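Visitor: One line per chain: the protein sequences are U and D, in this order. First residue of the first sequence: 1, per my numbering; consecutive thereafter. First residue of the second sequence: 286, per my numbering; consecutive thereafter. Just so you know, even glycine gets a beta-carbon here, dropped at the ideal spot from N, CA and C. Just so we're clear, the structure is a prediction, and the values are computed from it rather than from any experiment.
Protein chains: 2
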Amino acid sequence: MTIILDDQQQVAQTWFAELRDQICAEFEKIEAEAGSDAAFEYIPWDRENPDGSPGGGGIQGLMKGKIFEKVGVNISTVGGMFSDEFAGQINGAKDDPRFFATGISLVAHMANPHVPNVHMNTRFLCTTKRWFGGGADLNPAIPNEEDTEEFHARLRSACAAHNPEYYPRFKKWADDYFYIPHRQVHRGVGGIFYDHIELDHESDFDRHFAFTQDVGRAFLDIFPKLVRKRMNMEWTDEEKEQQLIWRGRYAEFNLVYDRGTAFGLKTGGNVDAILMSLPPEAKWK
Amino acid sequence: MTIILDDQQQVAQTWFAELRDQICAEFEKIEAEAGSDAAFEYIPWDRENPDGSPGGGGIQGLMKGKIFEKVGVNISTVGGMFSDEFAGQINGAKDDPRFFATGISLVAHMANPHVPNVHMNTRFLCTTKRWFGGGADLNPAIPNEEDTEEFHARLRSACAAHNPEYYPRFKKWADDYFYIPHRQVHRGVGGIFYDHIELDHESDFDRHFAFTQDVGRAFLDIFPKLVRKRMNMEWTDEEKEQQLIWRGRYAEFNLVYDRGTAFGLKTGGNVDAILMSLPPEAKWK
Chain U
1 MTIILDDQQQ
11 VAQTWFAELR
21 DQICAEFEKI
31 EAEAGSDAAF
41 EYIPWDRENP
51 DGSPGGGGIQ
61 GLMKGKIFEK
71 VGVNISTVGG
81 MFSDEFAGQI
91 NGAKDDPRFF
101 ATGISLVAHM
111 ANPHVPNVHM
121 NTRFLCTTKR
131 WFGGGADLNP
141 AIPNEEDTEE
151 FHARLRSACA
161 AHNPEYYPRF
171 KKWADDYFYI
181 PHRQVHRGVG
191 GIFYDHIELD
201 HESDFDRHFA
211 FTQDVGRAFL
221 DIFPKLVRKR
231 MNMEWTDEEK
241 EQQLIWRGRY
251 AEFNLVYDRG
261 TAFGLKTGGN
271 VDAILMSLPP
281 EAKWK
Chain D
286 MTIILDDQQQ
296 VAQTWFAELR
306 DQICAEFEKI
316 EAEAGSDAAF
326 EYIPWDRENP
336 DGSPGGGGIQ
346 GLMKGKIFEK
356 VGVNISTVGG
366 MFSDEFAGQI
376 NGAKDDPRFF
386 ATGISLVAHM
396 ANPHVPNVHM
406 NTRFLCTTKR
416 WFGGGADLNP
426 AIPNEEDTEE
436 FHARLRSACA
446 AHNPEYYPRF
456 KKWADDYFYI
466 PHRQVHRGVG
476 GIFYDHIELD
486 HESDFDRHFA
496 FTQDVGRAFL
506 DIFPKLVRKR
516 MNMEWTDEEK
526 EQQLIWRGRY
536 AEFNLVYDRG
546 TAFGLKTGGN
556 VDAILMSLPP
566 EAKWK
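#1: Opposite residue 385(D) in the DSSP bridges: which residues?
#2: With a cut-off of 8 angstroms, does the C-beta of residue 467(D) fall near any C-beta of chain U?
#3: Measuring CA to CA, which of 46(U), 23(U) and 113(U) is closest to residue 286(U)?
#4: Since residue 347(D) and residue 360(D) are thought to touch, with beta carbons under 8 angstroms apart, how far apart are those beta carbons, to the nearest angstrom?
#5: Less than 8 angstroms between the beta carbons of residue 520(D) and residue 401(D), yes or no?
#6: Under a three-way DSSP split, which group does residue 458(D) fall into?
#7: Where do the N-terminal and C-terminal ends of the alpha helix (DSSP H) with residue 311(U) fall, by residue?
#8: Using only CA atoms, which one of 435(D), 387(D) and 459(D) lies nearest to residue 421(D)?
#9: Quick one, which residues of the stretch 523-544 of chain D are near chain U if we go by CB-CB under 8 angstroms, in chain order?
#10: Is residue 17(U) close to chain D? Criterion is C-beta to C-beta, closer than 8 angstroms.
#11: Residue 335(D) to residue 536(D), Cα distance in whole Å?
#12: Under a CB-based cut-off of 8 angstroms, is residue 107(U) close to chain D?
#13: Should residue 406(D) go down as buried or exposed, given a rule of 16 or more other Cβ atoms within 10 Å for buried?
#14: Applying a beta-carbon distance threshold of less than 7 angstroms, which residues of chain U neighbour residue 333(D)?
#15: Keeping to the same chain, check which residues put their C-beta closer than 7 angstroms to that of residue 111(U); ignore five residues upstream and five downstream.
#16: Check whether the Cβ atoms of residue 248(U) and residue 529(D) sit closer than 8 angstroms, and answer yes or no.
#17: Compute the Euclidean distance between the alpha carbons of residue 331(D) and residue 53(U), then round it to the nearest angstrom.
#18: Spatial neighbours of residue 464(D) within its chain, please: CB distance less than 6 angstroms, with the 5 preceding and 5 following residues excluded, ordered by chain position.
#19: Would the stretch 89-105 of chain U count as touching the stretch 221-232 of chain U if we require 3 or more Cβ pairs under 8 angstroms?
#20: Can a CB atom of chain U be found closer than 8 angstroms to the CB of residue 567(D)?
#21: Which runs of the alpha helix (DSSP H) at least 4 residues long sit entirely within the stretch 154-226 of chain U? Give them in chain order.
#22: When burial is assigned at 16 or more other CB atoms within 10 Å of the CB, is residue 261(U) buried or exposed?
#23: Does residue 259(U) pass the burial test, meaning 16 or more other C-beta atoms within 10 Å, or should it be called exposed?
#24: Which residues share a DSSP beta bridge with residue 108(U)?
#25: Terminal residues of the continuous alpha helix (DSSP H) containing residue 29(U)?
#26: Assign residue 229(U) to one of three DSSP states: helix, strand, or coil.
#27: Please name the residue or residues paired with residue 434(D) in a DSSP beta bridge.
#28: Using a C-beta cutoff of 8 angstroms, does residue 118(U) count as contacting chain D?
#29: Sorted by chain position, which residues of the same chain lie with C-beta nearer than 8 angstroms to residue 225(U)'s C-beta, five sequence neighbours on each side aside?
#30: Are the stretch 128-142 of chain U and the stretch 301-317 of chain D touching, with three or more C-beta to C-beta distances below 8 angstroms?
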């Protein structure tokens, strides 16, 4: 259900939809190069607030292909009031639980265990404060130093164009965040994670928005390169098994620790869209 | 690492180990009837408290067979101090965080989608209070009314021998507990769930212990009957797929909501033993 957006919210929402279009077109192109005619299916969903007011909604994009075993690219624009319990945990929402959020969220589970999986998410949040957040991290079942280095280098250059402190700070943030305490392992080889890039002044919007756009563009530049480099490699049954076990860890992280998942489930988001991050198939020993 | 037990704790621990032996022998017998020589592998684990004092431990029992695709039967006896954050959530631990727990925990994921999966757990907890808790619930991928009725009837009769209020109360508790809010579905067809059957007087131990023993005996009586009734049924690819999707829901419940899983992960239990409840293989659409 449509909610009314102000200029900043409209500009951000439009960008996330454009980025979605560009990413999905590129992923479908990769499928075509592999001789597959797989395409994204788009499933719109509406959200209603508990008081019956319009709560926004989103579009879940899902493709099951030859190279992309399962990839979800979701955009959503939602608004309403946080529950009392949740409001206290959110920046600027303690005394006024109203919120607005628009963003893009992507998780790709690749068929070939040599092709790294990936997660990317960027968003614009408004409570009594306004800020951008997001990040991208690489999750190979079989890590490869060259891929890891290329992925980080591209994010590093995107960050460097905006603030010399961003990359080291956001890389560490990803290392701290994408960690599975009960297994004492990271869920992947990291990337960047950032949150609360706040608009202290109205004029901060343009530069913070430009940074979040550049993170999206960096992702769109580097990830398809890594896919094309590895997608024709052969794999063994043991490597596929290793991937399925590794995906179990990924599911553990997302269900036990991920704040985005909790945010979605607690704010009445679309369950299928939220849990699109879960792997198509996983094993536990 | 061994911890010193008082008489009640010793008696309870001994029973949980005996029950484990009987259950595992029966499950291995079922495998033998199906022409398989699958047997439980037992993996002991030790636990050390953060202050270096003995924290107890347990034995993880795991069998991967022809009928039981993956079944875990764990016993453990642990003691120490709850973290400040966790102590406030536990009965009788708010002002004194010391705890002791001994129990048995079982989850069976069956190969044949017509054979119901099952969970059973009983335990004796000591903080400044002492109580028994536990339950058993049936989790068929393809529910069958006859099996559901037989399972509930056997638990109903075990409860009825102790207290006429137990079955209706504990059945409702299971219905309330084994529920996946974000999907608005129950994780299975229920059973019983109980907690805080407290020892108000020293003399309460015998009757409360007798009830928990009878829950274990009822499980051992009914579940093998259901397995033998269904284990030779044929299944289709579609039914196996339905089971794998259903197992994804089961993993979601255990990782997002299950208090036993949270208890284990937060008290430094053995991760492999705690997460033995996760399915051998699961799928998400």
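Guide: In terms of the structure at hand:
#1: Looking up residue 385(D) in the second sequence gives position 100. Residue 385(D) is bridged to 364(D) and 411(D).
#2: Residue numbering aside, residue 467(D) sits at position 182 when the second sequence is read from its first letter. At a cut-off of 8 angstroms, the C-beta of residue 467(D) has a neighbouring C-beta in chain U.
#3: Beyond the ends of chain U as shown, which are 1 and 285, falls residue 286(U); an answer cannot be given.
#4: In the second sequence, counting from the first residue as 1, residue 347(D) sits at position 62. In the second sequence, counting from the first residue as 1, residue 360(D) sits at position 75. Their Cβ separation, rounded to whole angstroms, is 13 angstroms, which puts residue 347(D) and residue 360(D) out of contact at 8 angstroms.
#5: For the purposes of this step, residue 520(D) is taken as residue 235 along the second sequence, with counting starting at 1. For the purposes of this step, residue 401(D) is taken as residue 116 along the second sequence, with counting starting at 1. Between residue 520(D) and residue 401(D), the CB-CB gap reaches or exceeds 8 angstroms.
#6: Counted from its first residue, the second sequence places residue 458(D) at position 173. Residue state, collapsed to three classes: helix.
#7: No answer is possible for residue 311(U): it lies beyond the span of chain U, which begins at 1 and ends at 285.
#8: Stepping through the second sequence from its first residue, residue 421(D) is reached at position 136. For the residues 435(D), 387(D) and 459(D), the minimum Cα distance to residue 421(D) belongs to 459(D).
#9: Flagged, chain order: 529, 533, 536, 537, 540 and 541.
#10: Counting from 1 along the first sequence, the entry for residue 17(U) is found at position 17. No, no contact with chain D.
#11: In the second sequence, residue 335(D) corresponds to position 50, counting from 1. In the second sequence, residue 536(D) corresponds to position 251, counting from 1. If you draw a straight line from the Cα of residue 335(D) to the Cα of residue 536(D), it is about 29 angstroms long.
#12: Here residue 107(U) refers to the residue found at position 107 of the first sequence. No, residue 107(U) does not count as interfacial toward chain D.
#13: Counting from one through the second sequence, the residue named residue 406(D) turns up at place 121. By the beta-carbon neighbour count (other beta carbons within 10 angstroms, threshold 16), residue 406(D) is buried.
#14: Against the second sequence, residue 333(D) aligns to sequence position 48. Near residue 333(D) there are no residues of chain U at all, since even the closest Cβ is about 15 angstroms away, more than 7 angstroms.
#15: Position 111 of the first sequence holds residue 111(U). Here the set comprises 66, 67 and 69.
#16: Counting from 1 along the first sequence, the entry for residue 248(U) is found at position 248. Counting from 1 along the second sequence, the entry for residue 529(D) is found at position 244. No, the pair does not count as a contact, with Cβ atoms beyond the cut-off.
#17: Taking the second sequence and counting its residues from 1, one reaches residue 331(D) at position 46. Taking the first sequence and counting its residues from 1, one reaches residue 53(U) at position 53. Residue 331(D) and residue 53(U) have their alpha carbons spaced roughly 54 angstroms apart.
#18: One-based indexing of the second sequence puts residue 464(D) at position 179. Scanning its chain for C-beta atoms nearer than 6 angstroms, with the 5 sequence neighbours on each side dropped, one finds around residue 464(D) the residues 471, in chain order.
#19: The stretch 89-105 of chain U vs the stretch 221-232 of chain U: no contact.
#20: Counted from its first residue, the second sequence places residue 567(D) at position 282. Residue 567(D) counts as touching chain U.
#21: For the stretch 154-226 of chain U, whole alpha helix (DSSP H) runs of length 4 or above, ordered along the chain, are 166-177.
#22: Start at 1 with the first residue of the first sequence, and residue 261(U) comes out as number 261. Residue environment for residue 261(U): buried (at least 16 other C-beta atoms within 10 angstroms of its C-beta).
#23: For the purposes of this step, residue 259(U) is taken as the residue at position 259 of the first sequence. Around the beta carbon of residue 259(U), fewer than 16 other beta carbons sit within 10 angstroms, so the residue counts as exposed.
#24: Reading the first sequence from its first residue, position 108 is the one you call residue 108(U). Under DSSP, residue 108(U) takes part in a beta bridge, and its partners are 71(U) and 118(U).
#25: Residue numbering aside, residue 29(U) sits at position 29 when the first sequence is read from its first letter. Run containing residue 29(U): 7-33, per the alpha helix (DSSP H) assignment.
#26: Working through the first sequence from its first residue, we reach residue 229(U) at position 229. Look at residue 229(U) here: in three-state DSSP terms it is helix.
#27: By 1-based counting over the second sequence, the position of residue 434(D) is 149. For residue 434(D), which the question treats as bridged, DSSP gives no partner whatsoever.
#28: The residue labelled residue 118(U) in the question sits at position 118 within the first sequence. The C-beta of residue 118(U) comes no closer than 8 angstroms to any C-beta of chain D.
#29: Counted from its first residue, the first sequence places residue 225(U) at position 225. These residues qualify, in order along the chain: 150.
#30: Note that the stretch 128-142 of chain U does not touch the stretch 301-317 of chain D; fewer than 3 beta-carbon pairs, one per stretch, sit closer than 8 angstroms.
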